[in-house]
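Chemist:
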Amino acid sequence: MAIAYPPLSEGIIQGLAKIMGDTVDGLTGPDISRYLAQAQIEDYSPGITKWRRLFNAFAIYQNRKHCCNAILNFCKLYFQPTRFVNRDKLLFDSQRAEANRLLAFGGYEISESGGLRKCANIKTIPEAEERANSLKLELQARNTHQQIFQYCMPELLADDYFHAVDEAIKGLFERLRERSSIFGKDGAVLVDLVLSEKCPKLLINGFQTDSEISEHKGFGTMLKALYSMFRNPESHSPREKWPINKVDALDILGMVSLCHRKLDNAQRIS
Numbered sequence: 001m002a003i004a005y006p007p008l009s010e011g012i013i014q015g016l017a018k019i020m021g022d023t024v025d026g027l028t029g030p031d032i033s034r035y036l037a038q039a040q041i042e043d044y045s046p047g048i049t050k051w052r053r054l055f056n057a058f059a060i061y062q063n064r065k066h067c068c069n070a071i072l073n074f075c076k077l078y079f080q081p082t083r084f085v086n087r088d089k090l091l092f093d094s095q096r097a098e099a100n101r102l103l104a105f106g107g108y109e110i111s112e113s114g115g116l117r118k119c120a121n122i123k124t125i126p127e128a129e130e131r132a133n134s135l136k137l138e139l140q141a142r143n144t145h146q147q148i149f150q151y152c153m154p155e156l157l158a159d160d161y162f163h164a165v166d167e168a169i170k171g172l173f174e175r176l177r178e179r180s181s182i183f184g185k186d187g188a189v190l191v192d193l194v195l196s197e198k199c200p201k202l203l204i205n206g207f208q209t210d211s212e213i214s215e216h217k218g219f220g221t222m223l224k225a226l227y228s229m230f231r232n233p234e235s236h237s238p239r240e241k242w243p244i245n246k247v248d249a250l251d252i253l254g255m256v257s258l259c260h261r262k263l264d265n266a267q268r269i270s
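Take 1 as the starting number for the sequence shown in UniProt numbering and just add one per residue.
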């Protein structure tokens, strides 16, 4: 016999209905009809606003069945990754995170594969935000340097890829200034002053062998590349002309994390 999962609160089902019945990014009318039928939820008001139509169907189902099983099945149908192919790459992640902020109050979450899994119930909004933000969680799983979280925590909690990268790179160059005590400079100018081959202010290794000198020069090149390719264009370009998706953000922040680790052990030259 199938387990009957307790009903979800009105706030949760209303929030889910608004996500999946969104005028722009949600289901079409025919999609709603098809998915309700597949989830075995009766469609009581097909002629009204899409999100209200879903909310009514969910609410009446729960009142009559005293469980949320079919609503959870509907969510799984909606979050099939194949539904999001050839659409905005960020839409699946953003809608899943939004749904998970709601579902966390009921003890559920949507996985990256679109499946549903149980999790510990949460009781506060900060707990929901902490659990739902996927970028921060993935960075933690990668053992990302703590300086990343120090410089761009609000952006990570919001899954704001664009500004997370922007703040992280700004933070990296601020730390370079602090470690070298060279202030008032930025970008390639700062890197050349700090990692000068003739008179370096910081050394990331012994700077004796050809390999060490090559690594030192390569570190400077990496810093310049991060600033030139990501920080500088973003300072002068509108966000929509410089899109950064989740995969890009993770890769960039991984490079920033590596640079912070190099600075951890850098030797100050007076």
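Heads up, the beta-carbon is just placed ideally off N, CA and C, and yes, glycines get one too. Just so it is clear, the structure is predicted and the values come from calculations on it, not from any experiment.
Looking only at its own chain, which residues have a Cβ that is under 8 Å from the Cβ of Gly254, when we skip the five neighbours before and after it?
Modeler: Arg142 and Thr144
Chemist: Where does Ile252 sit, in a helix, a strand or coil, going by DSSP?
Modeler: When DSSP states are grouped into helix, strand and coil, Ile252 belongs to the helix group.
Chemist: I'd like to know if Ala188 contacts chain C, where contact means its C-beta is closer than 8 Å to some C-beta of that chain.
Modeler: The chain inventory of the structure shown lacks chain C, comprising one protein chain alone.
Chemist: Could you say which of Ser45, Cys75, Ile12 and Gly26 lies nearest to Gly114 if we only look at CA atoms?
Modeler: Closest in C-alpha terms to Gly114, from the list Ser45, Cys75, Ile12 and Gly26, comes Cys75.
Chemist: Count the other CB atoms, across all protein chains shown, that sit within 10 Å of the CB of Asp192; report buried if there are 16 or more and exposed otherwise.
Modeler: exposed
Chemist: Candidates Phe79, Cys259 and Ser180: which alpha carbon is nearest Tyr35's?
Modeler: Among Phe79, Cys259 and Ser180, the Cα nearest to that of Tyr35 belongs to Phe79.
Chemist: Does the beta-carbon of Ser228 have 16 or more other beta-carbons within 10 angstroms, so that it is buried, or is it exposed?
Modeler: exposed
Chemist: Among Phe55, Phe230 and Arg83, whose alpha-carbon lies nearest the alpha-carbon of residue 322?
Modeler: Shown here, the chain extends from 1 to 270; a query on residue 322 therefore has no answer.
Chemist: Here's the rule: buried if 16 or more other CB atoms are within 10 angstroms of the residue's CB, otherwise exposed. What is His66?
Modeler: Under the 10 Å beta carbon count, His66 is surrounded by fewer than 16 other beta carbons and is classified as exposed.
Chemist: Rounded to whole angstroms, what is the Cα-Cα separation between Lys118 and Ala17?
Modeler: 20 Å
Chemist: Tell me whether the segment 192-207 and the segment 149-158 touch, counting them as touching only if at least three CB pairs, one residue from each stretch, are closer than 8 Å.
Modeler: no
Chemist: What is the residue span of the alpha helix (DSSP H) that Arg175 lies within?
Modeler: Tyr161 to Ser180
Chemist: Between Arg64 and Glu42, what straight-line distance do the alpha-carbon atoms span, to the nearest angstrom?
Modeler: 11 Å
Chemist: With DSSP run on the structure shown, which of helix, strand or coil describes Ile3?
Modeler: Ile3 falls in the coil class under three-state DSSP.
Chemist: At which residues does the alpha helix (DSSP H) containing Leu116 begin and terminate?
Modeler: Careful: Leu116 lies outside any alpha helix (DSSP H), inside the beta strand (DSSP E) at Leu116 to Lys118.
Chemist: Helix, strand or coil: which one does DSSP assign to Leu263?
Modeler: helix
Chemist: Taking buried to mean at least 16 other C-beta atoms within 10 Å of its own C-beta, is Ile32 buried or exposed?
Modeler: buried
Chemist: Decide if Phe183 is buried, meaning its Cβ has at least 16 other Cβ atoms within 10 Å, or exposed.
Modeler: exposed
Chemist: Since Glu212 is in the alpha helix (DSSP H), which residue starts that stretch and which ends it?
Modeler: Element bounds for Glu212: Asp210 to Leu226.
Chemist: Tell me, which residues are paired with Arg268 by DSSP?
Modeler: When beta bridges are read from the DSSP output, Arg268 appears opposite Leu202.
Chemist: May I have the straight-line CA-CA distance separating Glu10 from Asp186, to the nearest angstrom?
Modeler: 52 Å
Chemist: Roughly how many angstroms lie between the CA atoms of Lys241 and Phe230, to the nearest whole one?
Modeler: Here Lys241 scores only 44 on pLDDT, less than 50, and its place in the model is too uncertain to base an answer on.
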